[in-house]
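Let me begin by presenting the structure, written as structure tokens, before commenting on it.
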Amino acid sequence: ESKASGRNSFRSYTPKMLTFNPESISLENDMRRALERDEFVLHFQPQVDLATGQLRGAEALVRWRHPERGLVSPMHFIPVAEESGLIVQIGECVLRKALAQVREWHDQGLPLFRVSVNISALQFRQANFARFIETLLAEHGVSGEFLELELTESILMRDVEDVLDTLNAIKSLGVRLAIDDFGTGFSCLSYLRRFPIDCLKIDQSFVRNIERTPINQSIAQAIVALGESLALGVIAEGVETLSEAAVLKGMRCSQAQGYLYSTPLEPRSFARWLANRNVGRAVAPAA
Ligand code: C2E
Ligand code: MG
Ligand code: MG
Ligand code: MG
-6 ESKASGRNSF
4 RSYTPKMLTF
14 NPESISLEND
24 MRRALERDEF
34 VLHFQPQVDL
44 ATGQLRGAEA
54 LVRWRHPERG
64 LVSPMHFIPV
74 AEESGLIVQI
84 GECVLRKALA
94 QVREWHDQGL
104 PLFRVSVNIS
114 ALQFRQANFA
124 RFIETLLAEH
134 GVSGEFLELE
144 LTESILMRDV
154 EDVLDTLNAI
164 KSLGVRLAID
174 DFGTGFSCLS
184 YLRRFPIDCL
194 KIDQSFVRNI
204 ERTPINQSIA
214 QAIVALGESL
224 ALGVIAEGVE
234 TLSEAAVLKG
244 MRCSQAQGYL
254 YSTPLEPRSF
264 ARWLANRNVG
274 RAVAPAA
């Protein structure tokens, strides 16, 4: 949400009539149809332990399989989905698909790992959001420990008491909570003391070229230290190179996610990626 509101901040101060954007209206209609036609699909990106390379989880990332335009990136439709409120239905569809995929992987006997799902502010603020998560877990026969929700800092900044109730209810299901794009929002660090957060995701803007960017090193180091002292997991997003990974590992950042390990993959490719890694591991256990 923070990304979208940043880009659209001018518009939010302007009466709706003046900013009527025909392009976004038709996109909205297209997205409604896409929901009916089941055109949204999930790709999964591995999250690995930086020290051992072991799989720790996977982030579910939505894509729109558009009949004419092919696979459309969430950057192109999530902002309009958030503005129009459609993100609530799309987010529900994403959660269902993520849990159905976990169920399927369990049934196929894949090694168990957690799936992280991005949650928008509007979705989080729906009445009974925690109850909804509980119902979905039960419907798919998935234990809460296999789900993580990625929240943005902006979600945590409003209506603190309501947010706290919802977070506690979600935690009681065994579901993990991560803060996405950590450091890019209006961080009020005191919320970390009150909210039952498990993990901070270092935004990829701080990871980029970290080996030759002292300011990024300072920020990443500060986030790792914060995580350590508050007993939170820390994962670096958008790790693309071995040198970035090496610096983060040197800082004792515990996990990483990025193109260096894998791009987001469709479910079948994800299973293949995992199988290949495990074969490599079995052959060379010392590595
Ligand atoms: P995010 O949650 O911060 O996800 C990370 C983004 O970084 C993903 O972009 C991922 O493909 C990309 N990425 C991963 N590794 C690398 C790397 O090494 N280098 C670079 N340059 N990029 C990397 P994607 O899939 O385009 O998603 C963009 C954003 O859209 C996400 O950012 C998230 O905010 C939003 N999004 C995606 N799926 C959902 C969803 O189901 N619900 C909601 N509400 N938002 C979603
Ligand atoms: Mg995310
Ligand atoms: Mg992120
Ligand atoms: Mg990001």
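-6 is the number of the first residue of the sequence shown in our numbering; add one for each residue after it.
Don't be surprised by glycine CBs; every beta carbon is placed ideally from N, CA and C.
Taking the Cα of GLU143 as reference, the smallest distance to any Cα among PHE263, LEU166, ASP174 is reached at ASP174.
The alpha carbon of ARG30 has as its nearest neighbour, out of HIS36, ARG49, TRP57, the alpha carbon of TRP57. By the 16-neighbour rule on beta-carbons within 10 angstroms, GLU16 is exposed. GLN38: not part of any alpha helix (DSSP H); member of the beta strand (DSSP E) spanning 33 to 42, first to last residue. Membership of ARG186 in any beta strand (DSSP E) is not indicated; the residue belongs instead to the alpha helix (DSSP H) covering 184 to 187. SER109 carries a strand assignment under DSSP once its states are collapsed to helix, strand and coil. With 16 or more neighbouring CB atoms inside 10 Å of its own CB, THR145 falls in the buried class.
If you ignore the 5 residues before and after ALA51, its C-beta comes within less than 8 angstroms of the C-beta of PHE37, GLN38, PRO39, GLN40, PHE106, ARG107, VAL108, SER109, PHE263, all in its own chain and listed in chain order. Relative to the Cα of ALA224, the nearest Cα in the group ARG49, GLU237, LEU235, PRO189 belongs to PRO189. At the C-beta level, GLY220 and LEU241 stay beyond 8 angstroms of one another. Between the alpha carbons of LEU129 and ASN111 lies a distance of about 16 angstroms. Residue range 71 to 77 is occupied by the alpha helix (DSSP H) that includes GLU75, with no beta strand (DSSP E) assigned at that position. Between the C-alpha atoms of PHE125 and GLY84 there is a straight-line separation of about 12 angstroms.
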